[in-house]
Amino acid sequence: MSFKDTLSDLLERVPGSIGAILADWEGEAVDQVSSRMDEFEMKVIGAHKGIILANMRKAMRDLDSDDLQEIIVTTEKTQTLIIPITSDYYLVLTLQKDASFGRAQFEARKTVLALRAEIA
């Protein structure tokens, strides 16, 4: 299955999802899908969340821990889940504020496992 298909399946399984991005360690979008944002906006979100992930990884190393599993960013209008797939890739899933976060988290974790298998 292609990365785009995997990301599209994730959006279909998560009501209230806005978009999903597979990005590399430099913040470059490998692939993305969105039901409500244009491609450029999604790429900017992916790059920005990559900066957050890199900063959190550095903080975790400074604390002698390297087990960063996910980051949740909540704003007035959205919820965003950032999950490392490997040391080189990560998944960003953006949701409407009122979306079921537990469902999104569960489905995103399943997607990360599928992406990890595709990347390996």
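Numbering-wise, numbering that gives the first Met the number 0 puts 49 at position 50 of the sequence shown, and it's gapless, one number per residue.
Note that beta-carbon positions come from the ideal geometry of N, C-alpha and C, so glycine has one too.
Would you identify the three-state DSSP class for T93, choosing helix, strand or coil? T93 falls in the strand class under three-state DSSP.
I'd like to check one pair, A103 with V32: are the Cβ atoms closer than 9 angstroms? In this structure, V32 lies away from A103, with their beta-carbon atoms at least 9 angstroms apart.
Helix, strand or coil: which one does DSSP assign to V29? Reduced to three states, the DSSP call for V29 is strand.
Contact check, I82 vs L92, beta carbons under 9 angstroms: I82 is a Cβ neighbour of L92, given a cutoff of 9 angstroms.
In the structure shown, what three-state DSSP assignment does I44 receive? For I44, the secondary structure class from DSSP, reduced to helix, strand or coil, is helix.
Here's the rule: buried if 16 or more other CB atoms are within 10 angstroms of the residue's CB, otherwise exposed. What is E117? Per the 10 Å Cβ criterion, exposed.
Could you tell me the boundaries of the alpha helix (DSSP H) in which T5 lies? Element bounds for T5: F2 to R12.
Within 10 angstroms of its Cβ, does A58 collect 16 or more other Cβ (buried), or is it exposed? So A58 counts as exposed.
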